[in-house]
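Participant: Structure incoming, see below.
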Amino acid sequence: MALYSCLFFAFLLFTCSLLVCDCLKVDGKESRSFDSFKVGSLAPSTTCYSPKGFNHSGLRVVHRHGPCSPFGGGRASHRQILHEDQARVNLIHSRISKSTQKLQPQSTSLPANLGIPFSTSNYIVTVGFGTPKKDMTVAFDTGSDLTFIQCKPCAVKCYNQKEPIFDPSQSTSFVNISCYSVECTLLSTATGNPSSCDYSSTCEYSIGYADGSTSAGIFGKETLTLTSTDVIQNFQFGCGQDNDGLFGETAGLLGLGRGPISIVSQTVGDYCQVFSYCLPSSSSSEGYLTFGTEAISPGVNFTSLVTNPNAPSFYFLELIGISVGGSDIGIPPSTFSSPGTIIDSGTVITRLQPDAYSALKSAFQKGMSNYTMAPAYELFDTCYNFTGLDTVSVPTIKLRFSGGVDVDMTIYGIFFVVSQSQVCLAFAGNKNPESISIIGNRQQRTVAVVYDVAGGRIGFGANGCN
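So the sequence shown is residues -23 to -1, 1 to 443, counted in mature numbering (1 follows the signal peptide of the UniProt record, and there is no 0).
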């Protein structure tokens, strides 16, 4: 027994040498105020690895610009990533009226009007289309409803993609959708454009994205294979014959929005409108995307989804506060409640109300007063020079949601690393106080995010990728 006690104590000492935590009491509970980390751990790796204990049955999620990507891991520049991210944020803000109605508990999904920049959807999965199954690597996006892939014969134009372009004529399960069908009438709610008919009365779609990317073609039904045990018959999707833009080498897009033709709504009978993902800690690691109630684990805590009639396809939730270093930054919940907050898989950097960001920045800078600041970079105004440092102690950041749900940011969600001499706080403020706040994917890294749309709730679990 003594040996086991000594080993356990040695393990604790070893653990603390890697991650040192200072604690304080909040409402009778211990809350971390600072975390220490090795500066070298922020450097991107050139090799792909799976998190310890990772053995998930869902779809494998990777960053399309990292070494885990099937596209070879070519990296976009920091400026390109941030400029494309700002374009996405600008479009989301423009989609939502400044005179936002008071948010109410989530009820029914309403039509969506999309067109978000495609190039910002940086996380990809591989799914199968057709019979026999042909694997296609697609980006996934909670801000879009329509799923589409490129299809032969590419009547007008197709861009270069990694896998062979899907040929519906070689699939025994492909079916055209009639332009007189209910499915075709719903199409405009996802694309923002009216559907049309070809000479054979087949439904046609067209969608344009804010970055100039476009896709148009046939709206059809096909067998969609997610995993060996998750096969969806008669899945409605766009079979693109005219495609152009910033799609990278992906075959298309998997739409995870709340609209009526998203995969979430189409599979309500199979998966009860429940899906979950964990975005990896870095571009050199793996996460997952899975569908169904099995995605709900005991360690997930839920807050309510809310509905904004002006943007019914987005996932709104109630952000009520933020703490830095274990202390609340003093922003009242009303600051966030109007016009509201969404969580989005495609936005990179979290955007906050100006007053909330100012308070967050001030509290963080106070906690980092022992470190040398670096010049601002693009939208980041709080950056540090960690050159020559081995270990850095950083104030913890916690996002607080309604229902008593707190989400702790990992170090990967706190910093955006330009270089070791320019490590920036990975949050930004909206210019307009009437613009919505957006929880971006940088702050979702390593967190299990569970969307229970039918249940009107969204959940968060720590260490979700393990």
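Every residue, glycine too, gets a C-beta built ideally from N, C-alpha and C.
Scan the region 109 to 142 and note each continuous alpha helix (DSSP H) run of 4 residues or more that stays entirely inside, going in chain order.
Facilitator: Counting whole runs of 4 or more residues, the region 109 to 142 contains no alpha helix (DSSP H) stretch at all.
Participant: Using the beta-carbon count (16 or more within 10 Å), is residue 450 buried or exposed?
Facilitator: With the chain represented from -23 up to 443, any question about residue 450 goes unanswered, as that position is not in the structure.
Participant: Just to confirm my understanding: we take Glu226, look at its own chain, exclude 5 residues before and 5 after, and list those with CB closer than 6 Å. What are they?
Facilitator: Excluding sequence neighbours, Glu226 sits near Phe48, Gln138 and Lys139.
Participant: Can you tell which of Phe341, Cys442 and Pro289 has its C-alpha closest to the C-alpha of Ile69?
Facilitator: When only C-alpha atoms are compared, the closest one is Pro289.
Participant: Restricting to runs no shorter than 3 residues, where is the beta strand (DSSP E) found entirely within the region 256 to 312?
Facilitator: 264 to 268, 278 to 284, 292 to 294 and 296 to 301, all fully within the region 256 to 312.
Participant: Please state if the CB of Ile238 and the CB of Ala167 are separated by a distance shorter than 7 Å.
Facilitator: Contact flag set, yes.
Participant: Which residue spans inside the region 334 to 376 form an unbroken alpha helix (DSSP H) run of at least 4?
Facilitator: Whole alpha helix (DSSP H) segments, 4+ residues: zero.
Participant: Since Gly43 contacts Ser261 with CB under 8 Å, what's their CB separation in whole angstroms?
Facilitator: Confirmed, about 5 Å.
Participant: On the three-state DSSP scale, how would you describe residue 501?
Facilitator: Residue 501 cannot be examined here, being either before or after the span of the chain that is shown, -23 to 443.
Participant: So is Ser412 buried or exposed if we call it buried at 16+ other beta carbons inside 10 Å?
Facilitator: Buried.
Participant: Within the same chain, show all residues whose beta-carbon is closer than 6 Å to that of Lys129, passing over the 5 residues directly before and after it, in chain order.
Facilitator: Same-chain partners within the cutoff: Ile142 and Asp144.
Participant: In three-state terms, what does DSSP make of Thr423?
Facilitator: Reduced to three states, the DSSP call for Thr423 is coil.
Participant: Indicate whether the contact test is met: 3 or more Cβ pairs, each with one atom in the region 117 to 126 and one in the region 98 to 105, closer than 8 Å.
Facilitator: Enough Cβ pairs lie closer than 8 Å, so yes.
Participant: I'd like the list of long-range same chain contacts for Val400, defined as Cβ closer than 6 Å, with 5 residues on each side in sequence excluded.
Facilitator: So the list reads Tyr361, Phe363, Phe392 and Val394, once near-sequence residues are dropped.
Participant: What does Asp207 pair with, by DSSP beta-bridge criteria?
Facilitator: Thr204, per the DSSP bridge assignment.
Participant: Could you tell me the distance, in whole angstroms, from the CA atom of Tyr428 to the CA atom of Leu266?
Facilitator: Rounded to whole angstroms, Tyr428 to Leu266 spans 11 Å at the Cα level.
Participant: Run through DSSP, which three-state label would Ile240 get?
Facilitator: DSSP places Ile240 in helix when its eight states are reduced to three.
Participant: Who are Cys174's beta bridge partners in DSSP?
Facilitator: Per DSSP, Cys180.
Participant: Using the C-alpha atoms, what's the distance from Arg377 back to Asp4?
Facilitator: Because Asp4 carries a pLDDT of 36, less than 50, the predicted location of this residue cannot be relied on, and the following value inherits that uncertainty. Near 15 Å, if we compare the C-alpha coordinates of Arg377 and Asp4.
Participant: Are the CB atoms of Ile306 and Leu337 within a distance shorter than 7 Å?
Facilitator: Contact flag set, yes.
Participant: Would you tell me roughly how many angstroms separate the C-alpha atoms of Asp207 and Gly215, rounded to the nearest one?
Facilitator: Rounded to the nearest angstrom, the two C-alpha atoms are 20 Å apart.
Participant: Determine the extent of the alpha helix (DSSP H) in which Gln57 is found, giving its start and end residues.
Facilitator: That run of the alpha helix (DSSP H) goes His55 to Arg72.
Participant: For Gly264, does the count of other Cβ atoms within 10 angstroms reach 16, so buried, or fall short, so exposed?
Facilitator: Label assigned to Gly264: buried.
Participant: As an exercise, report each continuous beta strand (DSSP E) stretch of at least 3 residues that is fully enclosed by the region 373 to 401, in chain order.
Facilitator: Qualifying beta strand (DSSP E) stretches, in chain order: 374 to 378, 382 to 385 and 392 to 396.
Participant: Can you find the residues in the same chain that come closer than 8 Å, C-beta to C-beta, to Asn170, ignoring five residues on each side of it along the sequence?
Facilitator: Cβ within range, chain order: Tyr182, Ser183, Ile184 and Gly185.
Participant: Compare the Cα-Cα distances from Thr23 to each of Ser46, Ile308, Tyr157 and Arg422 and report the closest residue.
Facilitator: Answer by Cα proximity: Ser46.
Participant: Using the Cβ count rule (16 or more neighbours within 10 Å means buried), how would you classify Lys134?
Facilitator: The residue in question, Lys134, is exposed, as its Cβ has fewer than 16 Cβ neighbours within 10 Å.
Participant: Count the other C-beta atoms from every protein chain shown that fall within 10 angstroms of the C-beta of Val426, then say buried if there are 16 or more, exposed otherwise.
Facilitator: The residue in question, Val426, is buried, as its Cβ has 16 or more Cβ neighbours within 10 Å.
Participant: Can you give the beta carbon distance from Phe14 to Val369, rounded, assuming they're within the 8 Å contact cut?
Facilitator: Indeed, because the Cβ distance is near 6 Å, the residues count as touching under 8 Å.
Participant: Using CA atoms only, rank isn't needed, just tell me which of Leu223, Gly441, Pro310 and Asn409 is closest to Ile58.
Facilitator: Measuring from the Cα of Ile58, the nearest candidate turns out to be Leu223.
Participant: Report, in whole angstroms, the separation of the C-beta atoms of Ile195 and Asn153, which I expect to be a contact under 8 Å.
Facilitator: Indeed, because the Cβ distance is near 6 Å, the residues count as touching under 8 Å.
Participant: Do you know how far the Cα of Arg419 is from the Cα of Ser315?
Facilitator: About 23 Å.
Participant: Quick check on the DSSP output: the beta strand (DSSP E) that includes Thr24 runs from which residue to which?
Facilitator: Run containing Thr24: none; DSSP gives neither H nor E here.
Participant: Out of Arg9, Gly433 and Val66, which has the shortest C-alpha to C-alpha gap to Leu282?
Facilitator: Ranking Arg9, Gly433 and Val66 by Cα distance to Leu282 puts Gly433 first.
Participant: Once the 5 residues before and after Gln243 are set aside, which same chain residues still bring their CB inside 7 Å of it?
Facilitator: Once the five neighbours on either side are set aside, the close Cβ partners of Gln243 are Phe212 and Gln213.
Participant: My output table needs one value for Asp247: the three-state DSSP class, helix, strand or coil.
Facilitator: Correct three-state label for Asp247: helix.
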